[in-house]
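In this text, residue positions in the sequence shown follow full-length UniProt numbering: the first is 1, and each later residue adds one.
Beta carbons: idealized from backbone N, C-alpha and C, even for Gly.
Quick caveat: nothing in here was measured; it's all calculated off a predicted structure.
Step one of this worksheet: look at the structure below.
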Amino acid sequence: IDECAQGAGILCTFRCLNVPGSYQCACPEQGYTMTANGRSCKDVDECALGTHNCSEAETCHNIQGSFRCLRFECPPNYVQVSKTWCVPTQAPSGSLHGGPRPWRVPCG
1 IDECAQGAGI LCTFRCLNVP GSYQCACPEQ GYTMTANGRS CKDVDECALG THNCSEAETC
61 HNIQGSFRCL RFECPPNYVQ VSKTWCVPTQ APSGSLHGGP RPWRVPCG
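Here is the structure:
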């Protein structure tokens, strides 16, 4: 009996492998791990685990099944004070409300 054919899309969330007398669920080879129930796949957060290959100048952002390395740069007249935060170098004289506001890098 092929349990995978009978329960297509029900037994496993990613891939069902038919084995003699039973079935086994599998996840994609990279970026996911099997959950405790043995049927569902969970994203691996390479950024949190430190298994990414982003440089010191880049910030790691986790995405489903992988990660992205993003380089952050401040706009003109701003200086970087953290990995994702810029502040104006100085407020222009005579500006309303004390000049430009702090700027944060948009994600995505």
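Out of Cys69, Arg68, Phe67 and Cys86, which has the shortest C-alpha to C-alpha gap to His76? Residue 76 is actually Pro in this sequence, not His. Answer by Cα proximity: Cys86.
For the stretch 56 to 63 and the stretch 39 to 47, state whether three or more C-beta atom pairs, one from each stretch, are separated by less than 8 Å. yes
What is the DSSP secondary structure of Val19, counted as helix, strand or coil? strand
Please report the straight-line C-alpha distance between Glu56 and Pro20, rounded to a whole angstrom. 49 Å
Taking just the CA atoms, how far does Thr35 sit from Ser95? Since pLDDT at Ser95 reaches only 49, below the 50 mark, its modelled position is unreliable, and no value is offered.
Cross-strand partners of Asp43 (DSSP beta bridge): Tyr32
Could you work out which residue in Leu17, Ser66 and Leu70 is closest to Leu49 when comparing CA atoms only? Ser66
For Pro88, write down the residues that DSSP places opposite it in a beta bridge. Tyr78
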